[in-house]
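Per this note's numbering, the sequence shown starts with residue 27, numbered consecutively. Just below is one structure, and these are the notes that go with it.
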Amino acid sequence: MKNEYIRQMNLIKKQANEERKKLLKAIANKQINQPTVAPLLTRLNTIAKQELEDTSFLQATKNTDVVQAGKNVISGVQ
27 MKNEYIRQMN LIKKQANEER KKLLKAIANK QINQPTVAPL LTRLNTIAKQ ELEDTSFLQA
87 TKNTDVVQAG KNVISGVQ
């Protein structure tokens with residue numbers, strides 16, 4: 027399950043990088059008018075929110091694993 031989330035997170039990061047490249051290219055080509063940049067910024071914001079949510083979920087999952095490992099040590103489970 028964690029591997030699937032990591033894979034999804036990497037895919038989201040790849041998409042974000044592609045969108046950032048498009049935005050930088052638009053700026054470099056001086057195509058920085060509202061209709062060109064606004065959709066890219068909206069997409070980047072959406073991707074950034076997904077990255078944060080996925081990172082938070084993975085961190086919570088890691089913390090749960092650490093707590094369970096600690097309980098196993100205390101109870102003598104190997």
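The beta carbon of each residue, even a glycine, is placed where N, CA and C say it ideally should be. It should be emphasised that the depicted structure is a prediction, and the values quoted were computed from it without experimental measurement.
Beta carbon of residue i nearer than 8 Å to that of residue j
| i | j | result |
| --- | --- | --- |
| E77 | A42 | yes |
Local Cβ density within 10 Å of residue i, reported as buried at 16 or more and exposed below that
| i | result |
| --- | --- |
| I32 | exposed |
| E45 | buried |
| I53 | exposed |
Length of the line joining the Cα atoms of residue i and residue j
| i | j | result |
| --- | --- | --- |
| K48 | K28 | 30 Å |
| K56 | V63 | 11 Å |
| I38 | K75 | 10 Å |
| R69 | E30 | 23 Å |
| T72 | K51 | 20 Å |
| Q34 | P65 | 23 Å |
| K40 | P61 | 24 Å |
| L67 | N36 | 20 Å |
Chain D contact for residue i (CB, 8 Å cutoff)
| i | result |
| --- | --- |
| A64 | Among the chains in the structure shown there is no chain D, since it carries only a single protein chain. |
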